[in-house]
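A.B. asks:
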Amino acid sequence: MKPNIVEFKVSGRYALFTDPVNRLGGEKLTYQVPTYQSLKGILESVYWKPTIIWIIDRVRVMKPIRSHSQSIRPVNFHGGNTLSIYTYLSDVEYQVRAHFEWNMSRPELEGD
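This is how it looks when you write it as structure tokens:
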């Protein structure tokens with residue numbers, strides 16, 4: 000096993016992994032598994048340094064995938080609100096395996 004490998008669990012009561020195209024629209028539909036960038040963001044929120052680059056190697060679904068739809072009234076930018084339907088995941092758990100590589104584009108941080 001390489002020393003630069005980490006494994007962790009991501010779990011929660013609810014999850015919503017949407018496409019950036021759906022950010023401003025009223026309807027939001029979740030992906031069944033977290034996107035690569037969302038998993039990378041979770042890992043970087045735990046341990047981030049400019050000298051390393053995290054690479055997600057594997058994602059394993061640990062619990063059955065369950066989705067639910069709910070009507071929500073989000074506030075509009077110009078006041079008021081409209082009815083939107085969000086389809087999200089419930090009771091999720093994923094096992095993630097990742098490793099890091101050295102960021103060679105930052106030679107000034109070599110001593111780090």
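Read in order, the letters of the sequence shown correspond to residues 0 to 111 in numbering that gives the first Met the number 0.
The beta carbon of each residue, even a glycine, is placed where N, CA and C say it ideally should be.
Per DSSP, which one or two residues make a beta bridge with tyrosine 93?
C.D. replies: Val9, Val60
A.B. asks: Does DSSP put glutamate 109 in a helix, a strand or coil?
C.D. replies: coil
A.B. asks: Based on DSSP bridge pairs, tell me the residues matched to phenylalanine 99.
C.D. replies: Checking the DSSP bridge columns, you'll see phenylalanine 99 partnered with Trp53.
A.B. asks: Decide if the segment 73–92 is in contact with the segment 37–50; the criterion is three or more beta carbon pairs, one per stretch, under 8 Å apart.
C.D. replies: In this structure the segment 73–92 does not touch the segment 37–50; the number of beta carbon pairs closer than 8 Å is below three.
A.B. asks: Using 8 Å for Cβ pairs, my map puts glutamine 94 next to arginine 59. What's the rounded Cβ distance?
C.D. replies: 4 Å
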